[in-house]
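Chemist: 4 is the number of the first residue of the sequence shown in the numbering used here; add one for each residue after it. Here's a structure for you.
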Amino acid sequence: MKKLIEKLGAFFIALAMILAVFPTQVQAEEAVVTWLDAGKASTIKGKDYQFIEDENHVVSEIQVMTATGLGFVSYLMTGKVYMYGVSYDDSKLANATIKLMNDIDLAGKQWVGIGGITVNDSGAPLATYVATTAGLIAGDDYFFRLEDYQMGPQRVNFKGKFDGNNKTISNLTIQRTYDPSGGESSKDDFGFMNFTSKKYDGSTGGYFMAENYFLFNNDSEFKNVTFKDINVQIIDKSTGNDLSEVPGGNGDDLLRGSAAAFGLIMENHGVVSNVAVSGNVTILSGMPFYYGLVGVNRGAIANADMNVNVDLILASNGGGRGAGLQTTPSLSKSPGDKVETRRYALISGIACVTGEVMPGMDKLSGVTTSSIKNSRVNGAYNLYFANTATSAYPAYDGFEAYKDAQPLFKLDLLTDNSNYAKFGRLMDLLGEAAMDVQLVSAISGSGYNSVTVDSTTYNIRLGADESYTGAAGSLQGKDLSGLANPLDTMSVNYTAEPSSKVKLFSNAAEPPTAKTETFTSSVGGVVASAWTRFSDGAATNSIEIPIYLTTAGDISYKVELNWGDMEFVYDRGSYDAEKGETLPSAGNELGWNGNDNTNNLINVINKSNASVNAKLNLQLDKSYSGAFYKEAGADKTDSNEKDYAGKASYAAGTYLALSSAGGGSDSQNFYLVMGGAPNGNLSNAQIGSITVTVTSQTASTDSTKLTAYLSDDTSTTYAVDSDVEVGDVKLIANKTITVADNMTMTLFGELNANGNTITVSNENTLGKLTLHPEFRVIGSAGTVLDSTKMLISGAETLKANGLVWKDSTGNAIADLSTTGLQGDNVKLVYLGSVADYLKAADLSEVYPINSSETVTADVLNDANVLQLNNDAVLTIEGTFTGSGTLQLNAGSNGSVIYNGNTYHGAADTVMIIE
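Take a look at the structure:
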């Protein structure tokens, strides 16, 4: 059975969240360089992360709240985490979903990646993957594969999901220098060892690995996340002499290097969707690659938005690189000479390769077509030549000045004296015509075996030496298109934006500034659904273009939010045989506890020098109800709980203005009072959430005028000729309103009719009356709305109790849809509060209850019939007196708790309660 381990009844409040938890440190504090270090040293369960796991501690979801929590996820994937008496290894974590619960800011520390990392027995972090050709080991489908020969299966082979939950990860930073001159003992400046001692088949000879990523491999889903302002700076000092033969080798067993590369994900076997990335990437290396969103895309990518500026600084004598994508053959053209084509580029907008890299390779199980659809690429790509020795390479903060001093790249600047095959040297990859390696794939390199690129656009500005163009240039006159060397058999539909300068030009490229959108349709016409908007795949032919304003004045906004613990206890009590009564636990009252003006408090303070509006929305599980009050509850005798009877209420979902005249502050308290009753026994259970929203906008002038009209004592007719919204109102006279055709009058908040009626009409059945789900009526019973020829919506979703719709003959209306209420005359009748109904006489109405509520038993004077809907729970405290009766109407969907018993509604049975 799955269980959510967190604070009892903790509510997530959207504007901010600070939860008090008992800290549980994973390991003592130590020097922190990376987020993996931070996650290893000082993560706190409940504050930084949370598990959803079963009784065997198999984790189904890892909830990430902070940057430290995300670093802890990276540490988890090393397979070396033991805590709470549990070893969280591959068997516990491999199929979990990583889910972001908040926006994450990764500024201040370095990111090392999720997956592909382990820790040796001395605690040193190690890269634990090799980059080789899939299929060389039986049952292995990966190019970037976890390597077992040195470390064993200690790391987690993660095959779960990453759900960004529509959150933003900002300032992902990778500043990493590789200097492998020390051989296998070399470490990067994170302290990582980046050599394996064995090749992919276990024989002598290893690999120097310099790929960088956010997530190693995606086998399932990677979705719904924005990466904002990434900053990647990689310096690779490897030369031909550094990657030398391993002692005892046979000449082929070299310490061979993969590319110094960055891609957000190394390999995709599943679906990557709704991912946006912006920022900057700089790589200085003898074999630099920018993979884009994915290195090898063998699955599907949809709705990607890449806005990354890339600078590659290409160095000479990069050494034999025989372990990465740059050595993966696609098609042998001259097998005797070992010349093999590679259908990709140094820079790839979305993926280095989409599809299978070799034409004879089978698709992955369950994958029919590798694809990129409905995506966009923007950016400035520049290629420079490293005109200095490795000893003069810059520090990270010196990159800009270093680039300014280097020439733009052209092929004849490269030299390489390493004794290695052509496919392992940069100068041969770019210089050999048969290699088919380009500088740029604006979208992707083109693989084999069912590949689709559809509805994708790019706007790339590319700066390098102009000698690369023309028949005499290094690319033999080839156009640098969206795909590197697309095949005739591919399904291709992509577009270069008009402002794109993807053909080379001889000065450094500036990022594109145009904001673009694309609409496509196979039939055209004026019907919106016949068109597709590129950026989000929506079926529409329109877009809203945002307008931005920067002010240079004194107005500024600051709103402070404070709240209580939001920890409630529901005490059913225990029966005391000696006293013959049900008693609560010590310190509690029967029923809800926590309504004490402190635990249930939400305080909003406007510290701006201008007015703001704030609103609260409440989301609860169906067994519960809740109400907000704007005034503190009164003291009760011998109790910490407060009494909110008669206190000013607040209707959830309505904006409340907070003024700030003269630059001072205005404060408003809100108190949440819980109702309903739990089903079963709960422990450590979240039952809902409060969302607090602030805005500087005010209500429309027309809405303000209508509210003022409803609040005064005039009896004239008011004409509504624009869309208006009405919140909390108390009537002191009957009101008559006409609504113009196609205009909408929305009621939300609290209406105190005070014995009066609002009459609303339209001559043509084209005026609209909309009721917000939180709209409710208080005060005396009676007809509160009288509607003529109005299109009424929202009646079906009202949460208020005691409201009945009637037709012109006085009969109740069962169909509460817009069609069902579209009569010449429809009335909304309020039967009063539940408490008032239960003690009334001469009853003729069935009382509807749509939301859970708690009342105190009084005198039953008549035959009371309740209709419970939406699984509502009516809790009755105390015991009734009098000669009346109480029963649940047939068809009730809910229950009544009274005198220690629970009475459930039935489809065709009347339930007698008292």
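The beta carbon of each residue, even a glycine, is placed where N, CA and C say it ideally should be. Owing to the predicted nature of the structure, the values given are computational and were not obtained by experimental measurement.
Would Y901 be called buried (16 or more neighbouring beta carbons within 10 Å of its own) or exposed?
Modeler: Burial call: buried.
Chemist: Taking 8 angstroms as the threshold, find out whether the stretch 68 to 83 comes into contact with the stretch 39 to 51 through three or more Cβ pairs.
Modeler: Yes: the two stretches touch, three or more of their Cβ pairs being nearer than 8 angstroms.
Chemist: Expressed to the nearest angstrom, what Euclidean distance is found between the alpha-carbon atoms of R536 and S545?
Modeler: One C-alpha to the other measures close to 8 angstroms.
Chemist: Hey, quick one: how far does the alpha helix (DSSP H) through A722 stretch, first residue to last?
Modeler: Segment T720 to V723 is the beta strand (DSSP E) holding A722; no alpha helix (DSSP H) there.
Chemist: Between which two residues does the alpha helix (DSSP H) harbouring W38 extend?
Modeler: Here the alpha helix (DSSP H) through W38 covers W38 to S45.
Chemist: When the Cα atoms are used, what is the spatial distance from V899 to I268?
Modeler: In a straight line, the C-alpha of V899 is about 54 angstroms away from that of I268.
Chemist: Using the DSSP secondary-structure output, state which residues sit across from V732 in a beta bridge.
Modeler: BP columns for V732 point to L754.
Chemist: Compute the Euclidean distance between the alpha carbons of E848 and G897, then round it to the nearest angstrom.
Modeler: C-alpha separation (whole angstroms): 19 angstroms.
Chemist: Between which residues of its own chain and D182 is the CB-CB distance below 6 angstroms, once the five residues before and five after are set aside?
Modeler: Excluding residues within five positions, the ones whose Cβ falls inside 6 angstroms are K240.
Chemist: Taking buried to mean at least 16 other C-beta atoms within 10 Å of its own C-beta, is N59 buried or exposed?
Modeler: With fewer than 16 other Cβ atoms within 10 Å, it is exposed.
Chemist: Tell me the DSSP secondary structure of P776 in three-state form.
Modeler: It is coil, neither helix nor strand.
Chemist: So, with DSSP's three-state summary, where would you put F217?
Modeler: Three-state DSSP puts F217 in coil, outside helix and strand.
Chemist: From E799, D789 and M793, pick the residue whose C-alpha is nearest to that of F778; which is it?
Modeler: Residue E799 is the option with its Cα nearest to F778.
Chemist: Taking DSSP as the reference, what is the three-state secondary structure of M793?
Modeler: Reduced to three states, the DSSP call for M793 is strand.
Chemist: Roughly how many angstroms lie between the CA atoms of C355 and G450, to the nearest whole one?
Modeler: The straight-line gap from Cα to Cα measures roughly 9 angstroms.
Chemist: Which word fits Q441, buried or exposed, when buried means at least 16 other C-beta atoms lie within 10 angstroms of its C-beta?
Modeler: Buried is the call here.
Chemist: Return the Cβ separation of K645 and A637 in integer angstroms, given the expectation that the two are a contact with Cβ distance under 8 angstroms.
Modeler: Going by Cβ atoms, the distance from K645 to A637 rounds to 6 angstroms, so yes, they are a contact pair.
Chemist: Let me know the secondary structure DSSP gives G782 once reduced to three states.
Modeler: Of the three classes helix, strand and coil, the one that applies to G782 here is coil, per DSSP.
Chemist: Let me check understanding here. Comparing Cα to Cα, which of V380, G805 and N600 lies closest to E570?
Modeler: Ranking the options by Cα distance to E570, first place goes to N600.
Chemist: Curious, which full-length beta strand (DSSP E) runs of at least 3 residues does the stretch 804 to 892 contain?
Modeler: DSSP runs (the beta strand (DSSP E)) wholly in the stretch 804 to 892: 806 to 809, 829 to 833, 850 to 852, 856 to 859, 866 to 871, 875 to 880 and 888 to 891.
Chemist: Mapping the DSSP letters down to three states, classify Q236 as helix, strand or coil.
Modeler: Looking at Q236 - three-state DSSP - the assignment turns out to be strand.
Chemist: Taking the CB atoms as reference points, tell me whether N765 and T786 lie closer together than 8 angstroms.
Modeler: No; because the gap between Cβ atoms is not below 8 angstroms, this pair is not in contact.
Chemist: Give the secondary structure of P183 by DSSP, where H, G and I count as helix, E and B as strand, and everything else as coil.
Modeler: Of the three classes helix, strand and coil, the one that applies to P183 here is helix, per DSSP.
Chemist: State the CB to CB distance for the pair N220 and V235, rounded to an integer number of angstroms; the pair is presumed to be in contact (CB under 8 angstroms).
Modeler: At roughly 19 angstroms, the Cβ-Cβ gap does not stay under 8 angstroms, so N220 and V235 are not in contact.
Chemist: Looking only at its chain, what residues have a beta carbon closer than 6 angstroms to the beta carbon of P397, apart from the 5 residues adjacent to it on each side?
Modeler: For P397, where only same-chain residues beyond five positions count, the Cβ hits under 6 angstroms are Y405.
Chemist: Confirm, please, whether the CB-CB distance from T760 to D789 is below 8 angstroms.
Modeler: The answer is yes: Cβ separation under 8 angstroms.
Chemist: Looking only at DSSP bridge pairs, what is P291 linked to?
Modeler: DSSP output for P291 lists A263 as bridge partner(s).
Chemist: Looking only at its own chain, which residues have a Cβ that is under 7 angstroms from the Cβ of A141, when we skip the five neighbours before and after it?
Modeler: Note that A141 scores a pLDDT of 48, beneath 50, so its modelled location is shaky; the value from the coordinates is reported in the next line. Closer than 7 angstroms at Cβ, skipping near neighbours: no residue.
Chemist: Considering just the uninterrupted stretch of the beta strand (DSSP E) at S90, what are its terminal residues?
Modeler: Start and end: V89 to Y91.
Chemist: Please confirm if the stretch 374 to 394 is in contact with the stretch 303 to 316, defined as three or more CB-CB distances below 8 angstroms between the two stretches.
Modeler: Yes, they touch.
Chemist: Which of the three DSSP states is assigned to A70 in this structure?
Modeler: A70 falls in the helix class under three-state DSSP.
Chemist: For V729, which residues from the same chain have a beta carbon less than 8 angstroms from its beta carbon, with the 5 sequence-adjacent residues on both sides left out?
Modeler: Excluding positions up to five away in sequence, the list reads S706, L709, T710, L713, M748, T749, L750, F751 and G752.
Chemist: Going by C-alpha distance, which of E581, K102, T717 and L623 is nearest Q689?
Modeler: Closest option to Q689, Cα to Cα, is L623.
Chemist: Is it right to say M86 is buried, meaning 16 or more other beta carbons lie within 10 angstroms of its own, or is it exposed?
Modeler: M86 should be labelled exposed.
Chemist: Applying the 10 Å Cβ sphere with the 16-neighbour rule, what's the burial state of L586?
Modeler: The residue is exposed, with fewer than 16 neighbouring Cβ atoms inside 10 Å.
Chemist: Hey, out of D724, D715 and T696, whose CA is closest to T704's CA?
Modeler: It is D724 whose Cα lies nearest to the Cα of T704.
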